[in-house]
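Count along the sequence shown starting at 1, add 217, and that's the number in the numbering used here.
Here is the structure we will look at.
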Amino acid sequence: MTTPLRSLIHCYSPTGERYKPTIRPTSGFSANADSEHLRQAMRGLGTDEKAIIAILGRRTSAERFAIREAYKATFDKKLEDVLSSELSGKFKTLAKKLSMTPWEVMAKALYKAMQGPGTKERVLIEVLATCSNDDIVELKKILPASPGGGRQIQRPNP
218 MTTPLRSLIH CYSPTGERYK PTIRPTSGFS ANADSEHLRQ AMRGLGTDEK
268 AIIAILGRRT SAERFAIREA YKATFDKKLE DVLSSELSGK FKTLAKKLSM
318 TPWEVMAKAL YKAMQGPGTK ERVLIEVLAT CSNDDIVELK KILPASPGGG
368 RQIQRPNP
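Right, dumping it as structure tokens:
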């Protein structure tokens, strides 16, 4: 999978004004160090939620992706699974989404929008209308192909 960065079109507002990101690349960033800090925050009794926020809340999408990959390589566990077992409620949902690539988040939203009776068209429009061509290519990689040759929305495996 390629680096989880959004295309340049997402850097500008509808009026053409350039967005100023609040999260910038971390100087001296080390995915291995951050993955170790996350492990320490979730080790033993209790969870140090402030440490999790300090790491996941202050890293770019690309840095969080690198942390996720480093965690898997170092501890042979998926970061999402560990977060899921250690956290609860809305914080758990947020932390899991922060550990996903933007395309995985979009694929999951598409999947949920088409589950059960009826389709949540608003979600489909919000997700697909804001995607660049590159985003669509990445989404197609995540969504499995159906036997008929088309794309079938199934639960993504982030």
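Beta carbons are placed, not taken as given, at the ideal position from N, Cα and C, and that holds for glycine.
Nothing here was measured: the structure is a model prediction, and the numbers come from that model.
Alpha carbon to alpha carbon, how far is residue i from residue j?
i           : j           : result
residue 293 : residue 334 : 38 Å
residue 349 : residue 358 : 15 Å
residue 324 : residue 356 : 6 Å
residue 245 : residue 258 : 20 Å
residue 286 : residue 263 : 24 Å
residue 266 : residue 307 : 13 Å
residue 232 : residue 240 : 22 Å
residue 234 : residue 347 : 17 Å
On the criterion of 16 or more Cβ atoms from any shown chain inside 10 Å, does residue i qualify as buried, or is it exposed?
i           : result
residue 302 : exposed
residue 312 : buried
residue 283 : buried
residue 352 : buried
residue 250 : exposed
residue 276 : buried
Quick one: grab the DSSP three-state call for residue i.
i           : result
residue 229 : strand
residue 241 : coil
residue 256 : helix
residue 358 : helix
residue 220 : Because residue 220 carries a pLDDT of 48, less than 50, the predicted location of this residue cannot be relied on, and no value is offered for it.
The alpha helix (DSSP H) spanning residue i covers which residue range?
i           : result
residue 292 : 278–292
residue 266 : 266–273
residue 323 : 319–330
residue 308 : 306–315
residue 339 : 338–346
residue 297 : 296–303
Apart from the five residues just before and just after residue i, which ones in its own chain have a Cβ nearer than 8 Å to its Cβ?
i           : result
residue 174 : Absent from the model: residue 174. The displayed extent of the chain is 218 to 375, so no value can be given.
residue 305 : none
By Cβ distance, which residues of its chain are closer than 6 Å to residue i, with the 5 residues on each side in sequence left out?
i           : result
residue 288 : 252 and 296
Give me, in chain order, the residues of the same chain whose beta-carbon lies closer than 7 Å to that of residue i; leave out the 5 immediate sequence neighbours on both sides.
i           : result
residue 269 : 255, 258 and 312
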